[in-house]
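Visitor: In the numbering used here, the protein residues as written are 19 to 251.
Just so you know, even glycine gets a beta-carbon here, dropped at the ideal spot from N, CA and C.
Structure provided below as structure tokens; questions to follow.
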């Protein structure tokens, strides 16, 4: 199925495709964080022009673990798929995967402003994207997407504290405090990495300016800049 066909999918069909993909998930291979050199942050921003919804995807690649920005690329386009909770990948992945080939540096890991396994069908955007990117993917969301009426417990106030989000007896994510006395992030793996390693990687990429990882923060800032640019040109 081509991305252009996604615009015509019903919510039920999206769920069916997600459930099919879930059967193809495998346990993550060994992950050696010492070999990581680059990490990409991915984010999108939306706006409407003359009744047409548009978006820009920005990908920022940073050096690991310093967080130094190495490259930034973006793609702007019309959004074909409507907003449907639990189906974010169908809305955002076309622009994400149009931006990836523009990168001259191939990231070792992709961090998404969104979820991975912390999803009703374990198929958040980080997990779905992993089928195309073929490298470790991680979801790091700023807010909680509630799964099957599962609540979460707030972690202790110290940086590094976390609680686990368990759905149907399976740990699907963590509520991670990246700065003391600052609101947490909601961490879940996408593909090709385990939750422990994802937690270590994210903690090493959090700077003093924000509670979210540097690559995602840079991508978020870039999307706001590019949205302003396209809205005023």
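With DSSP collapsed to three states, give me the class of residue 121.
Guide: It is coil, neither helix nor strand.
Visitor: Between the C-alpha atoms of residue 251 and residue 95, what's the straight-line distance to the nearest angstrom?
Guide: About 14 Å.
Visitor: List the endpoints of the continuous alpha helix (DSSP H) containing residue 105.
Guide: Where residue 105 is concerned, there is no enclosing alpha helix (DSSP H), given that its DSSP letter is neither H nor E.
Visitor: Can you tell me whether residue 84 is buried or exposed? The criterion is at least 16 other CB atoms within 10 Å of its CB, across all chains shown.
Guide: That one is exposed.
Visitor: Which residue or residues does DSSP assign as beta-bridge partners of residue 204?
Guide: DSSP lists 159, 193 as partners of residue 204.
Visitor: Determine which residues share a DSSP beta bridge with residue 95 and list them.
Guide: In the DSSP output, where bridge partners are listed per residue, residue 95 has 73.
Visitor: Since residue 35 is in the alpha helix (DSSP H), which residue starts that stretch and which ends it?
Guide: 29-40 is the extent of the alpha helix (DSSP H) around residue 35.
Visitor: Please confirm whether residue 206 and residue 133 have their CB atoms less than 8 Å apart.
Guide: Closer than 8 Å, so yes.
Visitor: Which two residues bound the contiguous beta strand (DSSP E) that contains residue 63?
Guide: Unbroken beta strand (DSSP E) run through residue 63: 56-67.
Visitor: Between which two residues does the alpha helix (DSSP H) holding residue 218 run?
Guide: First-last of the alpha helix (DSSP H) with residue 218: 213-222.
Visitor: Pull the bridge partners of residue 87 from the DSSP assignment, please.
Guide: Its beta-bridge partners are 80.
Visitor: Pairs of beta-carbons, one from the segment 201-217 and one from the segment 145-161, closer than 8 Å: are there three or more?
Guide: Cβ pair count under 8 Å is three or more, so yes.
Visitor: Over what stretch of residues does the beta strand (DSSP E) that includes residue 181 continue unbroken?
Guide: Run containing residue 181: 180-185, per the beta strand (DSSP E) assignment.
Visitor: With distances taken from CA atoms, which of 246, 170, 174, 120 is nearest residue 77?
Guide: Ranking 246, 170, 174, 120 by Cα distance to residue 77 puts 120 first.
Visitor: Tell me, please, which residues DSSP counts as bridged to residue 239.
Guide: DSSP, once it has assigned bridges, lists no residue as partnering residue 239.
Visitor: Closer than 8 Å is the cut-off here; do at least three beta carbon pairs connect the segment 109-118 with the segment 167-180?
Guide: Because the criterion of three Cβ pairs below 8 Å is not met, the segment 109-118 and the segment 167-180 do not touch.
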